[in-house]
Amino acid sequence: MKLQHHLGGIENLGPVSTEKRVFVEPWEQRIFGIHTVMMAESAHLSDALHRYPVDTLPTAFKSDWTWASLRTGAEDMQPFEYFKYRYYEKWLGGIAQFFVDQGYISAQELADKTAHYSAHPDAPLPDHPNAELTAQIDAYLQNGDSGYHALDGAARFRAGDAVRIGDPEAVDHTRLPGYLRNKTGVVDLVYPGAFSYFVSTDVDGIGAPMPVYRIAFDAASIWGKSEANTTIYADLYEAYVQPAA
Numbered sequence: 001m002k003l004q005h006h007l008g009g010i011e012n013l014g015p016v017s018t019e020k021r022v023f024v025e026p027w028e029q030r031i032f033g034i035h036t037v038m039m040a041e042s043a044h045l046s047d048a049l050h051r052y053p054v055d056t057l058p059t060a061f062k063s064d065w066t067w068a069s070l071r072t073g074a075e076d077m078q079p080f081e082y083f084k085y086r087y088y089e090k091w092l093g094g095i096a097q098f099f100v101d102q103g104y105i106s107a108q109e110l111a112d113k114t115a116h117y118s119a120h121p122d123a124p125l126p127d128h129p130n131a132e133l134t135a136q137i138d139a140y141l142q143n144g145d146s147g148y149h150a151l152d153g154a155a156r157f158r159a160g161d162a163v164r165i166g167d168p169e170a171v172d173h174t175r176l177p178g179y180l181r182n183k184t185g186v187v188d189l190v191y192p193g194a195f196s197y198f199v200s201t202d203v204d205g206i207g208a209p210m211p212v213y214r215i216a217f218d219a220a221s222i223w224g225k226s227e228a229n230t231t232i233y234a235d236l237y238e239a240y241v242q243p244a245a
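Be aware that the sequence shown starts at 1, since it is given in UniProt numbering, and climbs by one per residue.
Right, dumping it as structure tokens:
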């Protein structure tokens with residue numbers, strides 16, 4: 001697992017930011033908006049529980065884009081590059097690279113547009129309002145998407161079971177925090193139903209819908225005696241959970 005995703009308990013990383021504003025700069029709101037529109041037009045919504053008219057939307061965007069796509073772009077960064085940039089700068093980098101990789105824009109076109117707006121920061125941005133797309137975005141914001149499914153059969157573990165967390169092969173994007181690998185805990189809650197993820201990470205086991213558990217860990221067993229009398233909880237897919245024995 002890459003350094004930037006294995007930070008639990010690592011000392012001397014400070015200082016810790018105490019910034020409470022969601023958006024520090026106005027451009028960050030626009031990046032969040034671009035990401036939201038991409039999710040609302042994502043091709044994967046054609047199979048969503050809520051029925052969206054994705055196939056007939058008047059848009060050239062025909063790719064899958066979810067929170068997982070955004071996180072994969074950030075997690076694929078070289079670790080020391082990752083630490084150089086602010087939160088929404090990582091979003092911007094991931095989104096821009098996605099559009100280049102998918103062929104929506106070339107790297108040269110992106111460089112030219114960047115140079116243009118750097119030289120003319122007050123130049124108007126493209127503005128092509130479309131009522132149908134606006135309605136789709138509004139519907140997505142109200143109804144969202146869901147990875148919930150009815151559970152076929154029984155969950156492997158029950159509340160109170162002692163379990164050990166696995167150590168699967170690291171992939172571009174994972175739902176398993178690095179500091180929990182090979183740690184033992186106790187199942188605190190079995191969530192009803194089964195859950196899938198927006199993209200398959202089959203190498204580490206996330207694919208078909210499966211149970212999800214809230215697992216309690218003794219923090220001292222993870223981070224040492226200084227964390228005595230502290231319990232941490234993590235929601236983990238069943239693919240990551242093994243019997244303690």
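Quick reminder that beta carbons are idealized off the backbone N, C-alpha and C, glycines included.
Which of helix, strand or coil DSSP assigns to residue i
i, result
"Phe-98", "helix"
"His-173", "coil"
"Ala-48", "coil"
"Arg-71", "helix"
"His-149", "strand"
"Val-37", "helix"
"residue 253", "This structure does not reach residue 253, given that the chain is present from 1 up to 245, and the question cannot be answered."
"Thr-66", "coil"
"Val-54", "helix"
"Ile-31", "helix"
"Ala-162", "strand"
Residue from the options whose Cα sits closest to the Cα of residue i
i, options, result
"Met-38", "Val-186, Trp-91, Tyr-82 and Tyr-87", "Trp-91"
"Val-24", "Ile-206, Asp-161 and Glu-89", "Glu-89"
"Leu-151", "Asp-76, Gly-193 and Ile-215", "Gly-193"
"Val-241", "Ala-208, Thr-184 and Ala-111", "Thr-184"
"Ser-63", "Leu-176, Thr-18, Gly-33 and Phe-99", "Phe-99"
"Asn-130", "Ser-17, Thr-59 and Ala-107", "Thr-59"
"Ser-196", "Arg-156, Gly-147, Pro-211 and Glu-227", "Gly-147"
"Tyr-140", "Tyr-85, Ser-46, Ile-31 and Ala-239", "Ser-46"
"Leu-49", "Asp-145, Ala-170 and Ala-154", "Asp-145"
"Arg-21", "Tyr-87, Met-77, Asp-122 and Phe-61", "Tyr-87"
"Asp-188", "Ala-123, Ala-115 and Phe-217", "Phe-217"
"Leu-176", "Tyr-213, Ala-119 and Ala-228", "Tyr-213"
"Arg-30", "Ile-95, Met-77 and Phe-61", "Ile-95"
Exposure label - residue i; buried when at least 16 CB within 10 Å
i, result
"His-27", "Rather than His, the amino acid found at residue 27 in this sequence is Trp. Answer is exposed; the Cβ neighbour count stays below 16."
"Tyr-117", "exposed"
"Leu-180", "buried"
"Ala-68", "buried"
"Gly-224", "exposed"
"His-35", "buried"
"Thr-174", "buried"
"Ala-40", "buried"
"Pro-211", "buried"
"Leu-125", "exposed"
"Ser-42", "buried"
"Val-16", "exposed"
"Pro-121", "exposed"
"Glu-169", "exposed"
"Glu-81", "exposed"
"Glu-75", "buried"
Distance between beta carbons of residue j and residue i, contact taken as under 8 Å
i, j, result
"Leu-57", "Glu-109", "In fact, because the Cβ distance is near 23 Å, the residues do not count as touching under 8 Å."
"Ile-165", "Leu-236", "7 Å"
"Pro-160", "Val-190", "Here residue 160 turns out to be Gly, not Pro, going by the sequence shown. Not quite, the Cβ-Cβ distance comes to about 10 Å (not below 8 Å), so this is no contact."
"Ala-219", "Thr-231", "6 Å"
"Ile-215", "Ala-234", "6 Å"
"Thr-66", "His-44", "7 Å"
"Arg-158", "Glu-238", "Wrong, their Cβ atoms sit about 12 Å apart, outside the cutoff."
"Tyr-52", "Gln-142", "Incorrect: roughly 11 Å between the Cβ atoms, too far for contact."
"Pro-209", "His-149", "4 Å"
"Asp-204", "Val-171", "5 Å"
"Gly-93", "Tyr-104", "Wrong, their Cβ atoms sit about 16 Å apart, outside the cutoff."
Query raised in the report: Of all the beta strand (DSSP E) runs that stay within the bounds of the stretch 186-240, which reach a length of 3 or more residues?
Result: Within the stretch 186-240, the complete beta strand (DSSP E) runs of at least 3 residues are 212-218 and 231-237.
Query raised in the report: Along the chain, which unbroken stretches of the alpha helix (DSSP H) at least 4 residues long are found entirely within the stretch 98-134?
Result: As summarised for the stretch 98-134, the continuous alpha helix (DSSP H) elements at least 4 residues long and confined to that stretch are 107-119, given in chain order.
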